[in-house]
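Read through the structure below, which is laid out as structure tokens, and then see the notes.
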Amino acid sequence: LADTIERYGVSPDDLADVLAGVEMDLTRTRYATFDDLREYCYHVASAVGLATLPILNDGIPPTDAMREHAIDLGLGMQLVNILRDVAEDLARDRVYLPQEELHRFGVNQSALARGVMTEPLRLLLAFQAARGVEYLERGSQLLTHVPRSGRPCLWLLAEIYGRLLRRIIAADYAVFAGRVSLPKWEKLGLLAIARWRV
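The opening position of the sequence shown corresponds to residue 51 in the numbering used here, with each subsequent residue numbered one higher.
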């Protein structure tokens, strides 16, 4: 790790933010507002992207615009994870949907805890999905800034998470009906596209 940090100029601050995210995962199970959730998403996802950005950028220090796009891509990906894993997280007594928004949309907490889909919950999930779409779209602009060698990895991540989100939306947010995923053959096909066409 020390060699990679030195060779590519990985920021120790970004790595420290990743570690802070690990600590948050161990100590927090609820987030009061979207700002609180955004901070969590930044540490567990965006900071990982920021730490790897100098590597994807061939050791050239990333611009502020590149960092902003990387932050947005990480936020979008983590919001997809949160939507996809609502049921699994509930089973572990974790609720990543902001408490303020659960209240604002009128989501019944006891129904949520029992894994019952209600119309208020569906509307809240749609609201979160729209956020995810915006973040992924802004984050995907990072592809136009990195060298060709760094694009396949970024394209693959953005495409996989975009497809997952579209499937969640197409399933009308049936997050208690099973975890949305991409089949192995589809992932392999995307890998081939990323390798040869991006």
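Note that CB positions come from ideal geometry on N, CA and C, so glycine has one too.
Measuring straight from C-alpha to C-alpha, what distance separates residue i and residue j?
i    : j    : result
G126 : F226 : 21 Å
E187 : L193 : 11 Å
V68  : R172 : 31 Å
M116 : R245 : 22 Å
E209 : R247 : 13 Å
A220 : A52  : 44 Å
I249 : D108 : An answer regarding residue 249 cannot be provided, because it is not within the stretch 51 to 248 covered by the chain.
L241 : W205 : 10 Å
Among the options, whose alpha-carbon lies nearest the alpha-carbon of residue i?
i    : options                   : result
M74  : H93, D53, D64 and L206    : H93
R154 : L240, F84 and I132        : F84
E151 : L175, A70, W235 and R57   : L175
E169 : R181, G156, A180 and A163 : G156
G189 : P197, Y211, Q178 and R172 : Y211
I267 : G59, D63, G124 and K234   : Missing from the structure shown is residue 267; the chain here goes from 51 to 248 and no further.
D86  : V136, V145, A120 and I55  : V145
V230 : V183, E138 and D53        : E138
C91  : Q128, E56 and A70         : Q128
A163 : I218, R142, I55 and D108  : R142
Q191 : E89, G71 and E118         : E118
Label residue i either buried or exposed according to how many other C-beta atoms from any shown protein chain fall within 10 Å of its C-beta, with 16 as the threshold for buried.
i    : result
S199 : exposed
V196 : buried
Q159 : exposed
P104 : buried
P233 : exposed
V136 : buried
L238 : exposed
P148 : buried
R88  : buried
P62  : exposed
Taking C-beta to C-beta, are residue i and residue j nearer than 8 Å?
i    : j    : result
Y81  : D122 : no
A101 : L76  : no
L215 : V130 : yes
L207 : Q178 : no
G124 : A95  : yes
C203 : L140 : no
M167 : A224 : yes
May I ask you to report which of helix, strand or coil DSSP gives residue i?
i    : result
A80  : The amino acid at residue 80 is misidentified as Ala; the sequence shows Arg. In the structure shown, R80 sits in a strand (DSSP, three-state: E or B).
V145 : strand
S96  : helix
F177 : helix
H153 : helix
L214 : helix
R164 : coil
L232 : coil
I219 : helix
I110 : coil
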